[in-house]
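Numbering (this note's numbering), first residue to last: 119 to 729. Virtual Cβ for every residue (Gly too), placed ideally from N, Cα, C. Computed from a prediction, not measured in an experiment: that's the story for all the values here. Inspection log for the structure reproduced underneath, given as structure tokens.
Now the structure itself:
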């Protein structure tokens, strides 16, 4: 399982640093506000911002006044859990290259609570630390290393994979619904309240426990939220023996939370899928050997080898070799791109044909893919406008309802000498009917429905804020390749030159390309098969001409299929060929020339066709 690694702390002011703390169970806006307020009370904390997408809390604080342990205690005091499992983080330590420096760092870290082990890699200048995440953070380790006289940074961020615990709300929802349904069935069958009410009560306990736990934390921190209102309303329903209403309120509220969490998990899965694009290891040339190491241990300027059919692990510049690279996962280009010395390559793209030697230009945490992931996370953190309105409304709605209930209960008996029991009952009724289930459910349901409906139509929207902003769109700029087009090359024209037919040109090209592995060869073979053009001629010799095309010998004669430049180099470029090829290329079309040692036969145009 991948563990969550937090980003290197950033200075946001004199003596102020920024840290991310993982938080379990952080799944709603009210939870976020409660947590932010609880942590904000810690001395030395100047700011706290919850991130529902990453399930973490970003805290700005003065290290001289506040420690990570105190912040963790505040998070736990608010009713949330901080993962207690072991985690491993790799750090780059500048200037660490001998055993004496290793001893200094061991001493600096040895006094920290939660350290379970340290692995030093002096050759690469890196350190892997194993620690308890509930007691220690990467930022605290970096500060301790700094106190030892060294500068360190985290090598790479990885998003934690969700555990089986994410299924717990679904289990509680199922049990709550089953118990409430059984109680309702018994009531309809007129078994009496003695049978149905206990089932409703069990449904309330099972489904209401998570909400009640958060409500208790909200009350302790004097931050009334919807969890508190829901809990008071359910208790009120039980007090006036309205068990059916209480169970229904609990079930619907739990359902709303699950729907909201489902929306968040879709986003987390999207981010994890981005992380999985890049391989975790790279083949590095060190000395005269090729060794495989984690990508976090590869340094700037080192040379790596990328073999055919493998993913490129890091951004870099090609030093040796010629190949085609599928950049679709990063750039969206469906057509593989030719790469040679001097060309740049991206982590996460796929090397197709030849081996490449690449000089690393960006570390694992600073690749194009890593920056894409960061931008996606920043986009996901934005709230939809309607969700922001709900949050602001709930901030005042909950205390207002509770205050109104208190007034209903107290004013008539005290001022007008009305029966206390009657108005107490009415105050509880007010709490029950004021329960904002519709408000809570409406926003996540609407957003999830909109996202799911768009996905079924082939449109992926990265969150509620972007869904709502789509309503104001007046102009759309499309990424053509793979969006408006099919994302794969296809033959659109066969242009025979004098003395040849289209069938002869296509048949000869198919015969030659039947031995090729190039992505354009398959497009030619597909067109020949679709048109029923036979290419049974025996290929006697076959040779790939890197970056230009292929050569084959058939029935004692040499044939070529390749670029316009190939025929120019062979001095076979006739005037008719040049005119037609240049006209087609001026329209940004891919032109393949087919010919023999006697001269060109015709042209084949390949395009990424519209959907």
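Closest by CA to residue i, which one among the options?
i	options	result
residue 434	404, 426 and 485	485
residue 458	356, 468, 437 and 368	437
residue 650	624, 364, 460 and 658	624
residue 255	717, 188 and 287	188
residue 416	208, 159, 293 and 538	208
residue 547	361, 587, 446 and 369	361
residue 234	287, 529, 244 and 250	250
residue 701	449, 723 and 358	723
residue 376	630, 613 and 144	144
residue 583	260, 503, 605 and 640	503
residue 139	170, 133 and 462	170
residue 196	175, 206, 210 and 286	175
residue 712	310, 678 and 133	678
residue 413	431, 407, 405 and 150	431
If you reduce the DSSP assignment to three classes, tell me which class residue i lands in.
i	result
residue 520	helix
residue 711	strand
residue 633	coil
residue 672	strand
residue 179	strand
residue 250	strand
residue 309	coil
residue 315	helix
residue 200	coil
residue 433	coil
residue 287	helix
residue 474	strand
residue 530	helix
residue 515	helix
residue 454	coil
residue 228	helix
residue 543	helix
residue 137	strand
residue 593	coil
residue 651	coil
residue 602	coil
Residues in its own chain within less than 6 angstroms of residue i by CB, not counting five upstream and five downstream?
i	result
residue 126	Low local confidence applies: a pLDDT of 44 at residue 126 is under 50, so the model's placement there is unreliable, with the coordinate-based value given in what follows. Excluding sequence neighbours, residue 126 sits near 271 and 272.
residue 304	313 and 314
residue 301	314, 317 and 318
residue 680	666 and 667
residue 662	668
residue 545	523, 526 and 527
residue 241	Confidence at residue 241 is low in this model, with a pLDDT of 49, below 50, so the placement of that residue should be treated as unreliable; the coordinate-derived value is given next. Correct list: empty, nothing qualifies.
residue 533	none
residue 703	709
Got a sec, what are the start and stop residues for the alpha helix (DSSP H) residue i sits in?
i	result
residue 345	344-357
residue 148	147-158
residue 271	First-last for residue 271: 269-272, but that is the beta strand (DSSP E), not the alpha helix (DSSP H).
residue 191	186-195
residue 263	256-265
residue 586	582-587
residue 698	693-703
The beta strand (DSSP E) spanning residue i covers which residue range?
i	result
residue 460	Looking at the DSSP string, residue 460 is not in any beta strand (DSSP E), and its letter there is neither H nor E.
residue 536	Careful: residue 536 lies outside any beta strand (DSSP E) and carries neither H nor E.
residue 133	Element bounds for residue 133: n/a, residue is neither H nor E.
residue 169	163-169
residue 448	Unbroken run through residue 448 is the alpha helix (DSSP H), 446-449; no beta strand (DSSP E).
residue 726	717-728
residue 685	Per DSSP, residue 685 belongs to no beta strand (DSSP E); it is in the alpha helix (DSSP H), 682-687.
residue 400	399-404
residue 413	Where residue 413 is concerned, there is no enclosing beta strand (DSSP E), given that its DSSP letter is neither H nor E.
residue 421	421-424
residue 577	That residue, residue 577, is in no beta strand (DSSP E); it is neither H nor E in DSSP.
residue 663	657-663
Spatial neighbours of residue i within its chain, please: CB distance less than 7 angstroms, with the 5 preceding and 5 following residues excluded, ordered by chain position.
i	result
residue 615	694, 695, 718, 719 and 720
residue 439	472, 473, 474 and 475
residue 161	183 and 184
residue 729	602, 603 and 604
residue 727	603, 604, 608 and 610
residue 368	294, 321, 322, 325, 326 and 352
Among the residues of its own chain, which have a CB less than 8 angstroms from the CB of residue i, if the five just before and after it don't count?
i	result
residue 356	319, 322 and 364
residue 644	608 and 609
residue 324	290, 293, 294 and 297
residue 687	666
Q. Hey, is the region 224-234 in contact with the region 166-181, meaning 3+ C-beta pairs nearer than 8 angstroms?
A. no
Q. Contact between the region 392-403 and the region 415-431: three or more CB pairs below 8 angstroms?
A. yes
Q: Kindly confirm or deny that the region 522-537 and the region 459-476 touch, where touching means at least three C-beta pairs closer than 8 angstroms.
A: no
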